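Start counting at 1 in the sequence shown, then tack on 16, and there's your number in the numbering used here.
Single-structure report; data block below.
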Amino acid sequence: MVLSVSIGPEGCGIMDEGLEERIIRWATDSGMYRGRVEDEKARFHLYVEYPEGSGNVMDIVGPAYRDDTVLIIARVTIDPTHRTSFAALPGARKVELMNEMMRVLIFQPVGFMATPSIDNPEGFQFVKDMYDDGMTKASFMEGMGWVHRCITYVVWRYNNTFSEGKGAEAPCTMYC
């Protein structure tokens, strides 16, 4: 009796699943998947709500130019009242505040930038690069957690600096 065993992409359903499908499955299983965005610059562009039930949206993008890469992208917009308060700060205090924030953010495993500029921030964008060759559900969820922590820090820093009477309040946890 001869037994034929097939190992590899053709013989294993899990290996047949592409990166996009895995991410959709992980996000759906976790209750975070919210849909797709048409994007001609991407192989796929999904959006998820993280943490689940929070109303906070992150974009999950497979750039067209990198078959093995996924970008987890999130943005936070600074409240107009806080932008006005920032603009009213003396120049040295603005630099001090931005330097303090950059010192914290630079050591996170997430890329970031102030938009439109560090001198006049109206928001911040965070990007976590992830690679298919080592990505698991756990590492993908951890990547979203890192991005969310960076957003939470920016919100806390601005609230702590510019919201009178609220400086002592702790920032919201990831699962509020």
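For every residue, glycine included, the Cβ atom is placed at its ideal position computed from N, Cα and C.
These numbers were taken from a predicted model, which means no experiment stands behind them.
Opposing strand residues paired with residue i [DSSP bridges]
i      : result
Pro137 : Pro132
Lys144 : Ile88
Gly127 : Val143
Nearest-angstrom Cα separation, counted from residue j out to residue i
i      : j      : result
Leu35  : Thr177 : 41 Å
Gly71  : Met118 : 26 Å
Asp83  : Pro137 : 33 Å
Pro96  : Glu33  : 44 Å
Leu121 : Asp145 : 16 Å
Val163 : Val64  : 13 Å
Ser155 : Trp42  : 11 Å
Met157 : Met74  : 12 Å
Ser179 : Arg99  : 12 Å
Glu37  : Asn115 : 40 Å
Met190 : Ala108 : Low confidence applies to Met190: its pLDDT is 39, below 50, so where it sits in the model is not reliable, and the reading given next is rough at best. Taking the straight line joining both Cα atoms gives about 33 Å.
Gly51  : Lys153 : 18 Å
Asp45  : Pro106 : 49 Å
Ile169 : Pro125 : Sequence inspection shows Tyr at residue 169; the Ile mentioned does not correspond to that position. Tyr169 and Pro125: Cα-Cα distance of roughly 14 Å.
Met151 : Ala104 : 45 Å
Whole-Å CB distance - residue i paired with residue j, under 8 Å assumed
i      : j      : result
Phe142 : Ala90  : 5 Å
Val92  : Gly127 : About 14 Å separates the two Cβ atoms, so there is no contact after all.
Phe60  : Gly78  : 4 Å
Status (buried if at least 16 other CB within 10 Å, exposed otherwise) for residue i
i      : result
Tyr49  : buried
Gly159 : buried
Tyr81  : exposed
Ile94  : buried
Ala130 : buried
Val111 : exposed
Val53  : exposed
Phe102 : buried
Tyr66  : buried
Tyr174 : buried
Ser22  : In this prediction, Ser22 has a pLDDT of 34, which is less than 50 and means its spatial position is unreliable; nothing more can be read from the coordinates.
Gly24  : Any reading at Gly24 must be qualified, since the residue scores a pLDDT of 37, below 50, and its modelled position is unreliable; the value itself is stated next. Answer is exposed; the Cβ neighbour count stays below 16.
Entirely enclosed beta strand (DSSP E) segments - the segment 38 to 120, minimum 3 residues: 49 to 52, 58 to 65, 73 to 79, 85 to 93
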